[in-house]
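Colleague: Below is one structure. I have some questions about it.
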Ligand code: COA
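Numbering (our numbering), first residue to last: 1366 to 1755.
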């Protein structure tokens, strides 16, 4: 049975800051951020968006009434959870008006968890071929003002429907995966910003990629010449480029050129949205599919998923006939074009505009946020969400 991605969409907040301006404000040469790190714009999240509302907005644009009837599993992947106990997927279930007979869970393993969601979905559909699984990968990436990771922040969500006979991409078996206890990036319960050993994380990421790429090759005999593109988890776009370069050196010229050119296209959305943690790899997939006008159905794509801590996976997918018809390029173009640029001062103010821990009641200014679904505040310690369409 063919199982894979039937639909895929994303959402990012309506504000961004130019990394060039951020560099100037930090007395850094802008070339370091735009070329050395490879990030151009960084999404800025208003207080009226959190992981739940970002994911709900991403899902809203892709789900039809028919999908909603068929979805019997919602898997919410995030490291920006809003409750230690209740799964974020239950809020999504309510906001999107899904059927009652749905299994809803939240999964976490840093930036790897959306891939875990896909593999869980694949097993579920193998046993239940009529089912559709909604996977959400949503995060707000926060390293802190004036930190070395600051330029690698961002926010957004990817929503995917995984099903049998998918319209976009089948997920092939086998995949290869790896776990190792590595303290490259983590966020203790008391902190709303990440702790990171940045250079160490780059080394681990490249090491994991090489291990997994070659292990996958040994297992499947799929090599660089069999892959039309290799996509990466992209905390910042230069990171993926470093990993790709570490294997394409051995390739022939045609393979090297194709893989580098497609990588270039696959990083476009990531470079202008920023780091969305677990959704990053899938944002890169959307970028490739929506911006590459020549990649044919039947092409094989390699995907490298990495979540600090660390878990990695390398797997492949095959683009399906007419996959382009299932994309939402125009919607995404509109969303990205209609964002508002904010100054570094405004970004800093928004970054610090957080709700103090333990707040019992608060109402938030959702009328200032053009998003359809917003985080509206807290009532008796219960988070409130509004779908403006209802
Ligand atoms: N023009 C062009 N490039 C420039 C430049 C300029 N004016 N100035 C510096 N650079 C380049 C550097 O040469 C370097 O390139 P290289 O990596 O290819 O060697 C790059 O910009 C970054 O410079 P560096 O001095 O290494 O930056 P840094 O000490 O500020 O740290 C990170 C960069 C990525 C380590 C840091 O931003 C970070 O920790 N980010 C978070 C990473 C993360 O999230 N990891 C966990 C998830 S997997």
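Backbone N, C-alpha and C fix where the C-beta goes; we use that ideal spot for every residue, glycine too. Everything numeric in this text was worked out from a predicted model, so none of it was measured.
Can you list, in chain order, the residues of its chain whose CB lies under 7 Å from that of residue 1378, leaving out five sequence neighbours each side?
Modeller: Contacts found: 1408, 1409, 1410, 1411, 1414, 1520.
Colleague: How many whole angstroms separate the CB atoms of residue 1536 and residue 1680, which I take to be in contact at a CB cut-off of 8 Å?
Modeller: 6 Å
Colleague: Relative to the C-alpha of residue 1375, which candidate in 1662, 1395, 1503 has its C-alpha closest?
Modeller: 1503
Colleague: Exposed or buried, residue 1444, counting other C-beta atoms within 10 Å across all chains shown (16 or more means buried)?
Modeller: buried
Colleague: Taking 7 Å as the cut-off, is the CB of residue 1378 close to at least one heavy atom of ligand 1?
Modeller: no
Colleague: Within the chosen definition, does the segment 1617-1625 reach the segment 1581-1599 through at least 3 CB pairs nearer than 8 Å?
Modeller: yes
Colleague: Check whether the Cβ atoms of residue 1469 and residue 1452 sit closer than 8 Å, and answer yes or no.
Modeller: Against a cut-off of 8 Å, the Cβ pair of residue 1452 and residue 1469 comes out as a contact.
Colleague: Pair every Cβ in the segment 1571-1589 with every Cβ in the segment 1520-1534, then say whether three or more of these pairs are closer than 8 Å.
Modeller: Judged by pairs of C-beta atoms under 8 Å, the segment 1571-1589 does not touch the segment 1520-1534, as fewer than three such pairs exist.
Colleague: Could you check what DSSP says for residue 1439 in three-state terms: helix, strand or coil?
Modeller: The answer is strand: DSSP assigns residue 1439 an E or B state.
Colleague: Kindly list the residues whose CB is nearer than 8 Å to the CB of residue 1713, restricted to its own chain and excluding five residues on each side of it in sequence; keep chain order.
Modeller: Hits under 8 Å: 1510.
Colleague: Please tell me whether, using a cut-off of 7 Å, the distance from the CB of residue 1401 to the nearest non-hydrogen atom of ligand 1 is below it.
Modeller: yes
Colleague: Are there any heavy atoms of ligand 1 lying less than 7 Å away from the beta-carbon of residue 1638, as far as the coordinates show?
Modeller: no
Colleague: Rank 1637, 1392, 1460 by C-alpha distance to the C-alpha of residue 1740 and give the top, closest one.
Modeller: 1460
Colleague: If you run the structure through DSSP and keep just helix, strand and coil, what is residue 1533?
Modeller: Looking at residue 1533 - three-state DSSP - the assignment turns out to be coil, as it is neither helix nor strand.
Colleague: Tell me, please, which residues DSSP counts as bridged to residue 1381.
Modeller: 1408, 1706
Colleague: Quick one: grab the DSSP three-state call for residue 1429.
Modeller: coil
Colleague: Among 1547, 1464, 1380, 1405, which residue has its Cα nearest to the Cα of residue 1671?
Modeller: 1547
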